[in-house]
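Chains as they are written, first to last, in my numbering: chain A, 3 to 236; chain B, 3 to 236. Heads up, the beta-carbon is just placed ideally off N, CA and C, and yes, glycines get one too.
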DNA sequence: TCAGTAATGAACAGCATTGTTGAGTGGTGA
DNA sequence: TCACCACTCAACAATGCTGTTCATTACTGA
């Protein structure tokens, strides 16, 4: 992707004076490197180099390496949230109600088109001492809770566990299949493959109940044993 | 934390001459730090310090930082594999046949007792350019393929997708719930919670099919459309 | 056209790390 | 008892990064 200043004849371009654009360029570079090296491997020098920005400029926008890191992850989390839940500034109950499937679809598509972002978000989540405090994570879980409470859902879903399974699977699938080195068409197919399996799993599971009568009975017998409080995992 | 030279009372203990034990101590320290900082954040100095070993000793066992990293991740992958699939040196078809549920159970328990190992493995997998080449991953997928091909399984499972979902969910669940700061009893409960939801999901899915007649029909109509070749994701 | 500001470049001290070397110390087995 | 070997310790140059400062350049809006 050519950067904004990219040049008639390659004359020694000087970046246009556009603080916001510069800031984003730095964040994007940081994001790329973050996806490659993880938080501890990020250096301001490398970021500046990749962003084609003077190191001093980077320090002008972000006082310290730590702040750059913080800003980058916040930026990623917000980008992810907007892509999946729309532009509503905070969890808009009305907009996302009953839209569990749409959320899943948008998330799968976004993850496939931006594998680096998902990777960064995950890196941060894993490095964080309190994974359960991430805003995107919480909004996602909320939308899943709404679905689980509706009459469309099977009873007895453990939302915390299920949210982990679905969210992480969706974000990591593009990385496993190396989405970055795929054509647009392939990526579309891979998204559909994932969505299909997710849908199939949601509707049918994996085990034929009639082949596991004792398990099935056990499951129905113990249903509801598990406490329904959502905060258990926190 | 007192360093190795610390002093009269603790007489300057010198590590027993036991290369293998020392090697493992270093690997274990590397593993801990790897889980905390990721591959790019690992320094030989820190590893040696944590392992209570002289930095020179570390360099005696591993010529370079890169080799230490390599050795550590290989060690982790093998440990994971043995914990889940037993001590058979290579994929023993007989031993693991039809044991999908046992594999899932062992993996969930191991992950809960060793969240750091799962984290390291995942870090490496994400950093790797070819995730699909990891031995543990492949053995896991093979065992899932066997199950999917059996008559106990629902037809139409997309093994590649499903393997990602299950494996990653199992490894990350302990991290989300901060297994390291839980009591043994809590950890046991958390494993069971995960296993129960997984079982429930496998037997029942999440959506009540009768509430989604059109989706259900679509699914049954297109069943088999997807190519069954296992290598699609590679 | 001009002042304000965004961006550049270069230098700096301070620090941590890497990988290497050489001299020492002590446990262990033959 | 003795020699080998694992381990320790201290020093080394080289490298790269951090955060700061200051002088300089060039874009931009008024």
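Next item on the list: Give every residue of the same chain whose Cβ lies closer than 6 Å to the Cβ of residue 37 of chain A, excluding the five residues on either side of it in the sequence, and list them in chain order.
Entry: Same-chain partners within the cutoff: 118, 121 and 122.
Check: Hey, does residue 134 of chain B have any beta-carbon neighbour from chain A nearer than 9 Å?
Finding: Residue 134 of chain B counts as touching chain A.
Checklist line | Amino acids of chain A, ordered along the chain, whose beta-carbon sits closer than 7 Å to that of residue 39 of chain B | finding: Per Cβ cutoff of 7 Å: 42.
Notebook entry, point to check: Does DSSP put residue 150 of chain A in a helix, a strand or coil?
Noted result: Here residue 150 of chain A sits in helix by DSSP.
Check: Could one say the Cβ of residue 22 of chain B lies closer than 9 Å to chain A's Cβ atoms, at least one of them?
Finding: Taking Cβ atoms only, chain A never reaches closer than 9 Å to residue 22 of chain B, which makes this a no.
Notebook entry, point to check: Is it true that the CB of residue 60 of chain B sits closer than 9 Å to the CB of residue 247 of chain B?
Noted result: Since the first residue of chain B shown is 3 and the last is 236, residue 247 of chain B is not available in this structure.
Next item on the list: Please report the Cβ distance between residue 48 of chain B and residue 35 of chain B, rounded to the nearest whole angstrom; I am assuming they are in contact, meaning their Cβ atoms lie under 8 Å.
Entry: The beta carbons of residue 48 of chain B and residue 35 of chain B sit about 6 Å from each other, so the pair counts as a contact at 8 Å.
Notebook entry, point to check: Exposed or buried, which one is residue 11 of chain B when buried takes at least 16 other CB atoms within 10 Å?
Noted result: Its pLDDT being 31, under 50, residue 11 of chain B is placed unreliably in this model, and the coordinates cannot settle the point.
Notebook entry, point to check: What do you reckon, are the CB atoms on residue 183 of chain B and residue 110 of chain B nearer than 9 Å?
Noted result: For the pair residue 183 of chain B and residue 110 of chain B, the CB atoms are not nearer than the 9 Å cut-off.
Next item on the list: Could you list which residues in chain B have their beta carbon closer than 8 Å to that of residue 214 of chain A, in chain order?
Entry: Residue 214 of chain A reaches chain B at 154 and 205, counting residues in chain order whose Cβ is nearer than 8 Å.
Next item on the list: For residue 155 of chain B, name the three-state secondary structure that DSSP assigns.
Entry: It is a strand residue.
Check: Contact between the region 166-183 of chain A and the region 162-171 of chain B: three or more CB pairs below 8 Å?
Finding: In the pairwise beta carbon analysis, the region 166-183 of chain A is classified as touching the region 162-171 of chain B: at least three pairs are separated by under 8 Å.
Item checked: Same chain, Cβ closer than 6 Å to residue 3 of chain A, five either side skipped, listed in chain order -> At residue 3 of chain A the pLDDT is 33, less than 50, meaning the model places this residue with poor confidence; the figure from the coordinates comes in the next sentence. Cβ neighbours of residue 3 of chain A beyond the five flanking positions: none.
Margin query: Excluding the 5 residues flanking residue 218 of chain B on each side, which residues of the same chain have their C-beta closer than 7 Å to its C-beta?
Written below: Cβ contact annotation for residue 218 of chain B (same chain, cutoff 7 Å, sequence separation greater than five): 211, in chain order.
Check: Three-state secondary structure (DSSP) at residue 223 of chain B?
Finding: Note: residue 223 of chain B maps to helix in three-state DSSP.
Item checked: Short Cβ contact (9 Å threshold) for residue 85 of chain B with residue 55 of chain B -> Their beta carbons are not under 9 Å apart, which means residue 85 of chain B does not touch residue 55 of chain B by this criterion.
Next item on the list: Starting from the beta carbon of residue 174 of chain A, find every residue of chain B whose beta carbon is closer than 7 Å, and list them in chain order.
Entry: The answer, in chain order, is 166 and 170.
Item checked: Cα-Cα separation, residue 2 of chain A to residue 107 of chain A -> Any answer about residue 2 of chain A is impossible in this case: the structure gives chain A only from 3 up to 236.
Check: Taking residue 154 of chain A as the reference, which of B/62, B/215 and B/201 has the closest Cα?
Finding: It is B/215.
Item checked: residue 1 of chain A versus residue 144 of chain A: straight-line alpha-carbon distance, rounded -> Within the shown structure, residues of chain A are numbered from 3 to 236, placing residue 1 of chain A beyond reach of any answer.
Next item on the list: Look up residue 12 of chain A in the DSSP assignment and say whether it is helix, strand or coil.
Entry: Unreliable positioning characterises residue 12 of chain A in this predicted model, as indicated by a pLDDT of 35, which lies under 50. The coordinate reading is nonetheless provided below. Here residue 12 of chain A sits in coil by DSSP.
Notebook entry, point to check: First and last residue of the alpha helix (DSSP H) that includes residue 198 of chain A?
Noted result: Where residue 198 of chain A is concerned, the enclosing alpha helix (DSSP H) stretches over 186-206.
Notebook entry, point to check: Which runs of the alpha helix (DSSP H) fall wholly inside the region 65-145 of chain A and span at least 4 residues, in chain order?
Noted result: You should have 67-87, 95-98, 102-115 and 117-129.
Notebook entry, point to check: Using the beta-carbon count (16 or more within 10 Å), is residue 199 of chain A buried or exposed?
Noted result: Buried: at least 16 other Cβ atoms inside 10 Å.
Next item on the list: Compare the C-alpha of residue 207 of chain A against each of A/156, A/104 and A/137 and name the closest.
Entry: For residue 207 of chain A, the closest C-alpha among the options A/156, A/104 and A/137 is that of A/156.
Notebook entry, point to check: Whose C-beta lies closer than 8 Å to the C-beta of residue 33 of chain B among residues of the same chain, with five residues either side of it excluded?
Noted result: Correct list, in chain order: 74, 77, 78, 118, 119 and 122.
Notebook entry, point to check: Can you name the residues of chain A whose CB is closer than 8 Å to the CB of residue 88 of chain B?
Noted result: The premise fails here: residue 88 of chain B is roughly 23 Å from chain A at the closest Cβ pair, so nothing lies under 8 Å.
Checklist line | CA nearest to the CA of residue 141 of chain B, picked from B/21, B/87, B/71 and B/194 | finding: Among B/21, B/87, B/71 and B/194, the Cα nearest to that of residue 141 of chain B is on B/87.
Notebook entry, point to check: Can you tell which of A/89, A/186, A/25 and A/152 has its C-alpha closest to the C-alpha of residue 71 of chain A?
Noted result: If we check each option's Cα against that of residue 71 of chain A, A/25 comes out closest.
Check: Measuring CA to CA, which of B/205, B/201, B/221 and B/124 is closest to residue 194 of chain A?
Finding: Nearest of B/205, B/201, B/221 and B/124 to residue 194 of chain A, Cα basis: B/221.
Notebook entry, point to check: Taking buried to mean at least 16 other C-beta atoms within 10 Å of its own C-beta, is residue 40 of chain A buried or exposed?
Noted result: Residue 40 of chain A is buried by the Cβ-count criterion.
Notebook entry, point to check: So is residue 195 of chain A in contact with chain B if we call contact Cβ pairs under 9 Å?
Noted result: Using a Cβ-Cβ cut-off of 9 Å, residue 195 of chain A counts as an interface residue toward chain B, since at least one Cβ of chain B sits closer than that to its own.
Next item on the list: Using beta-carbon positions only, say whether residue 52 of chain B and residue 128 of chain A come within less than 9 Å of one another.
Entry: Not in contact: residue 52 of chain B and residue 128 of chain A (Cβ atoms no closer than 9 Å).
Check: Hey, how far is the Cα of residue 66 of chain B from the Cα of residue 190 of chain B?
Finding: Looking at the two C-alpha atoms, the distance is approximately 39 Å.
Check: Can you tell me where the alpha helix (DSSP H) with residue 174 of chain B in it begins and where it stops?
Finding: First-last of the alpha helix (DSSP H) with residue 174 of chain B: 161-178.
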